[in-house]
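Undergrad: For the sequence shown, our numbering assigns the number 3 to the initial residue and increments by one for each residue that follows. Quick reminder that beta carbons are idealized off the backbone N, C-alpha and C, glycines included. Only a predicted model underlies this, so the values are computations on that prediction, with no experimental measurement involved. Encoded as structure tokens, here's the structure I'll be asking about.
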Amino acid sequence: MTATPPAPVPTPAVPALFTTAAAARDHAHAPYSRFLVGAAIRTPDGAVFAGGNVENAAYPQGQCAEASAIGAMVAAGARRIAEIVVIGAPADPAADASGLCTPCGGCRQRLREFSAPDTLIHVAGPEGVRATFTMDQLLPFSFGPDNLSF
Ligand SMILES: [Zn+2]
């Protein structure tokens, strides 16, 4: 059974985030999977941070696009994600690119660290955003920083 994904939510920042994520995807290092992913984060004050997936010949050392974008955000001193666009599709334009490139389980937790329950995660293909999830939809009953406030 496949659940129906939620419809895209076209916020004012989506077009610019899509363009930035697409540019990061163009620079992704994915010679093994040939599956290119780009991500662009917007912080509440409007700053944008991007990243692509970075694979490695030692496969487990690879890093997802979301993790790359989060690293850039943190390096700049930002700590909150207002919304993120993630674009993923095979490098081969003739390949089937119809799948929904939702963040992997590990990245859902990475995003959760800097997100609110209503933070928007826009999931896109090369043609545009295909679905928009809230953080709480992608990772319900999650464990986050508040669980460690003593
Ligand atoms: Zn991931």
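1) Between C103 and ligand 1, is there a pair consisting of the residue's CB and a ligand heavy atom that are separated by less than 6 Å?
2) Using a 10 Å radius around the Cβ and a threshold of 16 neighbouring Cβ atoms, would you call N55 buried or exposed?
3) Does the pairing of the segment 117-135 with the segment 82-101 give three or more beta-carbon distances under 8 Å?
4) Is V39 helix, strand or coil when you go by DSSP?
5) Where in the segment 18-69 do unbroken runs of the beta strand (DSSP E), each at least 3 residues long, occur, reported from the N-terminal end onward?
6) Within the present structure, is the beta-carbon of G64 separated from the nearest heavy atom of ligand 1 by less than 6 Å?
7) Tell me the residue span of the alpha helix (DSSP H) that contains R112.
8) For A24, which of Y34, I43 and V11 has the nearest alpha-carbon?
9) What residue from A60, A69 and A52 has the CA that sits closest to Q111's CA?
TA: Concretely, from the data shown:
1) no
2) buried
3) yes
4) strand
5) 37-44 and 50-54
6) no
7) G107 to R114
8) I43
9) A69
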